[in-house]
Structure formats: structure tokens, C-alpha cells
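A short write-up of the structure that comes next.
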Amino acid sequence: MDQNIVIAAYLLVAGLFVYGLKMMAHYRTARRGNFVSAIGMAIAIVFTLLARDDSGVWAVSGKDGWTFVIIAAVIGSGVGLFLAVTVRMTGMPQMVAMFNGFGGLASALVVFSECFKHWGARGDSDPVHMSVAIGISTLIGWVTFWGSLVAFARLQEFLLSGRPTLFKFQKIVNFAALGAVILLIVLWGMFPAAKLLIIPIAVIASALGVMFTIPIGGADMPVIISLLNSYSGLAACATGFVLKNPGLIIAGSLVGSSGIVLTRIMCIGMNRSLVNVLFGGVGAIVVAPGGGAGGDKRVTSWTAEDAAMCLEDSSLVFIVPGYGMAVAQAQHAVKELSDLLEERGVQVKFGIHEVAGRMPGHMNVLLAEAEVPYEKLCDRSETNSELDRADAVIVLGANDVVNPAARHDKGSPIYGMPILDVDKARTVMVMKRTLNPGFAGIDNELFYQDNTAMVFGDGKKTISDIIAVLRQ
Amino acid sequence: MALPLILAITIFVLAMLLGLEIITKVPTQLHTPLMSGSNAISGVTIIGALLAAGAGGALGGTFGLLAVVAAMINVVGGYLVTDRMLRMFKKR
Numbered sequence: 001m002d003q004n005i006v007i008a009a010y011l012l013v014a015g016l017f018v019y020g021l022k023m024m025a026h027y028r029t030a031r032r033g034n035f036v037s038a039i040g041m042a043i044a045i046v047f048t049l050l051a052r053d054d055s056g057v058w059a060v061s062g063k064d065g066w067t068f069v070i071i072a073a074v075i076g077s078g079v080g081l082f083l084a085v086t087v088r089m090t091g092m093p094q095m096v097a098m099f100n101g102f103g104g105l106a107s108a109l110v111v112f113s114e115c116f117k118h119w120g121a122r123g124d125s126d127p128v129h130m131s132v133a134i135g136i137s138t139l140i141g142w143v144t145f146w147g148s149l150v151a152f153a154r155l156q157e158f159l160l161s162g163r164p165t166l167f168k169f170q171k172i173v174n175f176a177a178l179g180a181v182i183l184l185i186v187l188w189g190m191f192p193a194a195k196l197l198i199i200p201i202a203v204i205a206s207a208l209g210v211m212f213t214i215p216i217g218g219a220d221m222p223v224i225i226s227l228l229n230s231y232s233g234l235a236a237c238a239t240g241f242v243l244k245n246p247g248l249i250i251a252g253s254l255v256g257s258s259g260i261v262l263t264r265i266m267c268i269g270m271n272r273s274l275v276n277v278l279f280g281g282v283g284a285i286v287v288a289p290g291g292g293a294g295g296d297k298r299v300t301s302w303t304a305e306d307a308a309m310c311l312e313d314s315s316l317v318f319i320v321p322g323y324g325m326a327v328a329q330a331q332h333a334v335k336e337l338s339d340l341l342e343e344r345g346v347q348v349k350f351g352i353h354e355v356a357g358r359m360p361g362h363m364n365v366l367l368a369e370a371e372v373p374y375e376k377l378c379d380r381s382e383t384n385s386e387l388d389r390a391d392a393v394i395v396l397g398a399n400d401v402v403n404p405a406a407r408h409d410k411g412s413p414i415y416g417m418p419i420l421d422v423d424k425a426r427t428v429m430v431m432k433r434t435l436n437p438g439f440a441g442i443d444n445e446l447f448y449q450d451n452t453a454m455v456f457g458d459g460k461k462t463i464s465d466i467i468a469v470l471r472q
Numbered sequence: 001m002a003l004p005l006i007l008a009i010t011i012f013v014l015a016m017l018l019g020l021e022i023i024t025k026v027p028t029q030l031h032t033p034l035m036s037g038s039n040a041i042s043g044v045t046i047i048g049a050l051l052a053a054g055a056g057g058a059l060g061g062t063f064g065l066l067a068v069v070a071a072m073i074n075v076v077g078g079y080l081v082t083d084r085m086l087r088m089f090k091k092r
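Respectively, the protein sequence lines represent chains R and H. Sequential numbering from 1 applies to the first sequence in the working numbering. Sequential numbering from 1 applies to the second sequence in the working numbering.
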């Protein structure tokens with residue numbers, strides 16, 4: 001097929017991706033936007049195959065190569081389909097991390113293939129450009145793959161807990177490794193024939209992917225997930241430079257830059273710079289007991305009955321969910337409680353902090369699953385403007401995003417982070433298993449305030465108990 | 001495909017700027033689907049994987065085939081998961 005037709009097809013594909021992404025930024029068009037983008041992907045695949053057809057021979061075994069490619073595509077699609085259909089909504093963050101990792105892996109393997117394709121041949125027209133592009137692509141691809149695997153393990157709590165993993169001289173080791181890999185890429189640019197350099201680059205990049213991600217704790221996951229997403233786009237883009245393929249360059253950079261936008265939104269939600277998230281290792285800080293709240297550490301403890309009575313007497317109730325709601329799978333119980341309260345004339349709204357949970361928009365997905373109407377979901381500024389009118393707030397498994405220390409305690413690691421001012425409501429009910437500080441390991445002075453009551457126990461069970469009391 | 005480096009860089013810079021431009025204001029509710037949807041787009045590396053699978057050499061071709069598997073997981077899984085989430089938002 002004529003190369004010009006293929007390039008024209010890629011342009012159309014790029015257009016569909018842009019249009020699809022744009023549609024995905026609005027409720028009404030979001031689902032169609034995803035569909036538009038999927039059609040773009042299908043066109044890209046078909047035209048790539050048609051373009052291949054001309055040059056004839058498939059690698060693995062001549063013309064039979066088609067069979068292998070189809071088998072590979074079917075296996076990949078099957079695995080993707082299985083994972084996408086079976087994953088539970090609570091497992092969404094790790095699933096997105098996993099898919100992301102496979103994208104990075106694919107890009108890394110493509111440039112491996114490109115590097116070893118004409119082993120020893122000197123046919124490249126611009127070998128310097130090729131070796132540098134392959135080097136960069138290898139670096140980003142393997143960092144994305146291993147970084148995503150670590151994020152997956154952290155979110156699944158498989159081998160890794162939610163706490164950051166820190167080791168001595170971490171920063172120095174990371175920077176040394178990064179320096180070494182850049183040096184290798186430069187060397188390769190100077191001696192393009194030294195193709196074996198791809199191996200040390202891949203090995204160091206893999207180590208970097210792990211080392212950059214393990215110091216990042218559970219509470220910072222929304223940032224790192226969006227950042228890795230951005231990397232996987234940049235990996236595809238770098239692969240586009242290797243293959244000199246405009247379709248890859250355009251689509252890859254779209255994902256790369258839109259991922260950066262999302263990463264920035266998450267960073268603002270935590271009042272931290274990206275550098276700080278990547279190198280800060282928050283959560284390693286252990287606040288000395290008795291520190292934060294000035295010694296007077298008495299808490300009020302309520303039963304489900306107390307909570308139910310308080311809720312029944314309210315006219316406006318805010319529910320502030322956090323990761324704890326996801327863990328307890330309490331979203332359906334919460335929806336039931338909210339319906340029950342509405343039936344009794346109590347207005348119920350949800351206050352959603354942008355970094356609540358483990359990925360951007362995590363709480364919204366869970367509440368949508370439980371069919372909570374999205375008009376009830378308020379973002380941070382809406383919530384804060386209404387909280388002083390609220391009679392009661394239920395804090396369900398959220399912690400740092402409601403910690404008043406962020407407003408005034410300059411010594412607190414989360415000082416300056418924009419929070420939901422739940423302490424301004426008349427009564428705050430915090431539903432939590434124990435008094436232990438959360439994922440980030442920071443004590444929360446909200447628990448010790450006069451208008452705060454703790455309702456200890458599993459989130460889902462507590463909510464169900466309250467529902468049972470209300471129904472009596 | 002012959003694409004001069006300078007042209008490739010031009011395309012790259014323009015596409016980066018475009019990406020920054022299209023997604024500026026997104027309601028919080030759509031953060032996850034948008035991330036997951038753009039993640040699916042990063043599976044566009046399937047283009048490279050298909051080209052690589054058809055490239056010369058047993059070693060190159062094998063890496064290419066593995067890349068096809070990984071990229072298809074990303075593409076199919078990414079779009080389906082995104083659709084699953086968006087379906088919930090659309091129900092009402």
C-alpha cells in the first residue's frame with residue numbers, strides 16, 4: 001500500500017484520539033469519546049497490517065508469520081479482556097497500573113526488536129539518531145514497566161505494604177543510576193555500532209523503575225499512577241522516534257502531556273511539587289506520640305445508635321469517603337444509608353477530595369458503581385463552602401484529607417495541603433477501625449476535637465448497623 | 001517510513017502542546033476514566049509491535065511478537081475497563 005495513504009490514515013487516527021480525549025472530559029460525551037478513540041486504534045492496527053503486507057515476508061517463519069502475529073494478538077486480547085471483565089471496581093487502581101506496565105513493556109520490546117533486527121548490519125541511514133532514540137525508548141519503557149509493577153504490588157498489598165520502602169543513600173543511588181544510564185546512551189550515540197549497550201541500559205532502567213517507585217507510599221499513589229501513565233505515553237512516543245512513525249509520536253505525546261496535566265492536578269491537591277513526591281518519602285515520618293494535639297488526647301467514642309440518632313436529627317449531612325471505604329467495600333451500604341436518610345427528609349451530599357483514594361477520581365468511580373447520583377458528589381471547593389451549614393459529617397475511611405493540621409501546624413508534613421474543613425460542621429463522626437494513624441502515618445488532631453465522635457469498627461459493618469438502627 | 005528527525009521533533013512538540021491544551025478542565029468524577037482512556041491510547045505502541053513482529057530476524061521477530069501480546073493486553077484491557085467505568089457514570 002502507498003505510504004502516503006498510510007500516513008493519511010495515521011493523521012485520521014491522531015484526529016480521532018484528540019477528539020476522543022476531548023469528549024472524555026465531559027459527562028455526556030465521555031463514553032462516546034472512549035469509543036471514538038477505540039475506533040482510531042482499530043484503524044491504526046488495520047492500516048499498519050495493510051502497510052506490512054506490501055513488504056511481504058513476516059519474520060518468524062516467512063509467510064506463516066501471519067499466523068504467529070494473529071496468535072500473539074489473540075492471546076493479548078484474551079488476557080486483556082479477561083482482566084478487564086473480571087476486575088472488581090475496588091481493584092481498579094491496580095488494574096490501571098498493570099495495563100500501563102504492559103504498554104511500557106510493549107514499547108521496550110519493540111525497540112529491542114528494532115535493535116536486534118539487522119544484527120551487525122550497517123544499513124541505518126542515521127545511526128546516531130537511531131541509537132540515541134533506542135536508548136531513550138529503552139530507558140522510559142523499562143522504567144514504566146517496573147514502576148507500574150511496583151505500583152501494582154503496593155496497591156494490591158502484594159509483597160509490599162502501603163508504607164514507603166526506604167533504604168540508605170537512596171537518592172544518591174538513584175541519581176548515580178540515572179547518571180550512568182544517560183552516560184551509556186551518550187556513549188551509544190558516539191559509537192552506534194555497539195548495539196549490546198542496550199542490555200546494560202535496560203537493566204539499569206529496570207532497577208531505576210523499581211527504585212524510583214518503592215519510596216512512594218500508598219497516600220501518594222494518585223500522583224504516581226498518573227505519572228506512570230504519562231511515562232507509558234512518552235515510551236510509545238520514543239518508540240515512534242525509533243520507527244520514524246508519526247502515528248506513534250503523535251498519540252504517544254498526547255498521552256504523555258495529558259498525563260502530566262493530571263499529575264499536576266494531583267500534586268496541587270496535595271500542595272506538593274512533583275519533585276517532593278518523587279523524593280520526599282512522606283510517611284516515613286513518624287510523629288512522636290503526644291506530639292500533634294498538645295497532650296490532651298481524649299476521644300469521644302460513639303456507638304451506631306448514637307450515630308443514627310444524630311443523623312436523624314440533621315437536615316444536611318456530608319459523607320466524606322476515603323480509601324477506607326474502598327477497603328471495606330462500603331460504597332453500597334453508604335448508598336443505602338444515604339437513600340434512607342433522604343427518605344426521612346435529611347439532605348445528604350458527598351464531599352470528595354481530589355486525592356482521596358489511590359488513584360485520581362477513585363471515590364467517584366466507587367460511588368458511581370453504587371449508583372449514587374453524581375449531582376450529590378461535591379468537589380473540594382463546593383464542599384468547603386457548604387460545610388459550615390452541615391449538621392453532621394461522616395468521615396468514612398478518610399484521614400489526611402480532613403486533618404486540620406494542614407491548615408495551621410507548620411511542623412506537620414501535610415502543612416499547606418488543601419483539605420476538606422469537616423471540623424467546621426456541627427458534629428463530625430469519624431468511622432475508623434482504630435485510632436492508628438493512616439497510610440501516611442500522620443496523627444490527626446480532628447479525632448480529639450470536642451465536636452468529633454469516633455465510631456470504631458469496620459466501615460461497612462458500622463454503616464449497616466446504623467441503617468439497622470434507623471429501620472427499627 | 002522516511003521521516004526526517006527535525007520533522008519528527010516538530011510533530012512531537014506540537015502534539016505535546018495539543019495534549020496540554022485539550023485536558024485542562026476535567027471534572028473530578030472523570031479523572032479515573034480519562035486516565036484509563038489515555039492509558040489505552042498509549043497502547044498505540046501496537047503499531048510498533050506489529051511492525052516489529054514482521055521485521056527481519058528470528059530474535060527481532062520474537063521480541064516483536066511478545067510486544068504484540070503486551071500491547072494488545074494494554075489496548076483491549078484499557079478500552080474495556082474505561083468503558084466499564086463510564087457506563088456506570090452514564091446510567092442516570
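Beta carbons are placed, not taken as given, at the ideal position from N, Cα and C, and that holds for glycine.
Query: Count the other CB atoms, across all protein chains shown, that sit within 10 Å of the CB of R:SER258; report buried if there are 16 or more and exposed otherwise.; Result: buried
Query: Exposed or buried, R:ALA8, counting other C-beta atoms within 10 Å across all chains shown (16 or more means buried)?; Result: exposed
Query: Tell whether a beta-carbon distance below 8 Å holds between R:LEU473 and H:ALA70.; Result: Since the first and last residues shown for chain R are 1 and 472, residue 473 of chain R lies out of range.
Query: Counting only beta-carbon atoms, is R:ASP220 nearer than 8 Å to chain H?; Result: no
Query: Output, in chain order, the set of chain H residues within a Cβ distance shorter than 7 Å of R:ILE250.; Result: ILE11, ALA15
Query: How would you call R:SER315, buried or exposed, if buried means at least 16 neighbouring beta carbons within 10 angstroms?; Result: exposed
Query: DSSP state of R:GLY351, grouped into three classes?; Result: strand
Query: Report back the beta-carbon spacing between R:VAL401 and R:ALA356 to the nearest angstrom; my notes put them in contact at under 8 Å.; Result: 5 Å
Query: By the three-class DSSP mapping on this structure, what secondary structure does R:VAL132 have?; Result: helix
Query: What separation, rounded to the nearest whole angstrom, lies between the Cα atoms of R:VAL181 and R:ALA205?; Result: 7 Å
Query: R:ALA333 lies in the alpha helix (DSSP H); which residues open and close that run?; Result: 331-343
Query: Under the assumption that R:VAL255 contacts H:SER38 (Cβ atoms under 8 Å), give the Cβ distance between them as a whole number of angstroms.; Result: 5 Å
Query: Answer with yes or no whether the minimum CB distance from R:MET24 to chain H is below 8 Å.; Result: yes
Query: Any beta-carbon of chain H closer than 8 Å to the one on R:ALA205?; Result: no
Query: Check whether the Cβ of H:ILE22 lies closer than 8 Å to any Cβ atom in chain R.; Result: yes
Query: So, R:PHE17 versus R:SER37, is the Cβ gap smaller than 8 Å?; Result: yes
Query: Would you mind working out which of R:ILE419, R:SER412, R:MET454 sits nearest R:VAL430, comparing C-alpha positions?; Result: R:MET454
Query: Just the Cα atoms here: how many angstroms apart are R:PRO192 and R:SER131?; Result: 6 Å
Query: Using the beta-carbon count (16 or more within 10 Å), is R:GLY62 buried or exposed?; Result: Below a pLDDT of 50, predicted positions are generally treated as unreliable, and R:GLY62, at 49, falls in that range; the measurement from the model is reported next regardless. Exposed, since its Cβ has fewer than 16 Cβ neighbours within 10 Å.
Query: Quick one: measure Cβ to Cβ for R:MET417 and R:MET270, integer angstroms, because I've assumed they're closer than 8 Å.; Result: 5 Å
Query: Within the continuous alpha helix (DSSP H) that includes R:ALA468, where are the two ends?; Result: 459-471
Query: Answer with yes or no whether the minimum CB distance from R:TYR448 to chain H is below 8 Å.; Result: no
Query: Can you tell me where the beta strand (DSSP E) holding R:ALA392 begins and where it ends?; Result: 392-396
Query: For the segment 231-246 of chain R and the segment 389-399 of chain R, state whether three or more C-beta atom pairs, one from each stretch, are separated by less than 8 Å.; Result: no
Query: Could you spell out the range, first to last residue, of the alpha helix (DSSP H) harbouring H:LEU30?; Result: Looking at the DSSP string, H:LEU30 is not in any alpha helix (DSSP H), and its letter there is neither H nor E.
Query: Identify which residue in R:LEU81, R:MET23, R:GLN347 has its Cα closest to the Cα of R:GLY33.; Result: R:MET23
Query: Taking Cβ positions only, does R:ILE352 come closer than 8 Å to chain H?; Result: yes
Query: Within the 8 Å Cβ cut-off, does R:MET495 reach chain H?; Result: With chain R covering 1 to 472 only, the question about residue 495 of chain R has no answer from this structure.
Query: Can you say whether R:SER381 is buried or exposed, counting buried as having 16 or more other CB atoms within 10 angstroms of its CB?; Result: exposed
Query: Closer than 8 Å is the cut-off here; do at least three beta carbon pairs connect the segment 215-226 of chain R with the segment 187-201 of chain R?; Result: no
Query: Can you give the Cα-Cα distance for R:TYR323 and R:PHE35, rounded to whole angstroms?; Result: 30 Å
Query: If we cut at 8 Å on Cβ distances, does R:LYS244 have a partner in chain H?; Result: yes
Query: Do you know whose CA, among H:THR10, H:MET85, H:PHE89, H:LEU65, lies nearest H:THR45's CA?; Result: H:LEU65
Query: Strictly under 8 Å for the Cβ-Cβ distance: is R:GLY80 near chain H by that measure?; Result: yes
Query: Going along chain H in order, which residues have a C-beta closer than 7 Å to the C-beta of R:PRO360?; Result: HIS31, THR32, MET35
Query: Under the assumption that R:GLY209 contacts R:TRP142 (Cβ atoms under 8 Å), give the Cβ distance between them as a whole number of angstroms.; Result: 6 Å
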